[in-house]
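Residue numbers (the UniProt record's numbering): 1 to 134.
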């Protein structure tokens, strides 16, 4: 099962301060899951079942600084939201829009850069950077 709407990927990997985050669909029931692993041994430290996410509306997602971010689309824009805090195991009460940009296609790569404190998005040949405070 592709991980998101319009995706050709089956999982997403993120390195976050010595941790490896994996987002993937369960083979058994198709629910989206997150796994936090040690970067060296790949031992799973903790996992989450993300039943609250409708992956039919999400076109990309990533984890940075213990937070889950999603990208959704409307007719003209891609919208970046922060929706879950893994450190406190809770949803944000009000889904916070972090940024948006003109939609040219489906964002194929999204990453947080700790050095520049930006979220960088590759969207149909165009790179967007959104400054964030973490």
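Note that beta-carbon positions come from the ideal geometry of N, C-alpha and C, so glycine has one too.
Simplified DSSP assignment, three categories, for residue 110: strand
Suppose only complete runs of 3+ residues qualify. What are the beta strand (DSSP E) ranges in the segment 25-88, listed by chain order? 32-38, 44-49, 60-64, 67-73 and 77-85
Is the segment 69-76 close to the segment 33-44, with three or more CB pairs under 8 Å? no
Between the segment 104-117 and the segment 86-95, do at least 3 Cβ pairs fall closer than 8 Å? no
With a threshold of 16 other CB atoms inside 10 Å of the CB of residue 64, please say whether the residue is buried or exposed. buried
Below 8 Å CB to CB, which residues in the same chain sit around residue 133 once its five sequence neighbours on both sides are set aside? These residues qualify, in order along the chain: 117.
For residue 79 and residue 18, I'd like the C-alpha separation in whole angstroms. 28 Å
Pick from 114, 110, 131 and 130: whose alpha carbon is nearest that of residue 124? The shortest C-alpha separation from residue 124 is found at 110.
Residue 9 to residue 112, Cα distance in whole Å? 19 Å
Shortest alpha-carbon distance to residue 101 belongs to which of 36, 6 and 130? 130
Quick check: what's the CA-CA separation for residue 15 versus residue 36? Straight-line Cα distance between these residues: approximately 10 Å.
Can you tell me whether residue 53 is buried or exposed, with buried defined as 16 or more other CB within 10 angstroms of its CB? Around the beta carbon of residue 53, 16 or more other beta carbons lie within 10 angstroms, which makes this residue buried.
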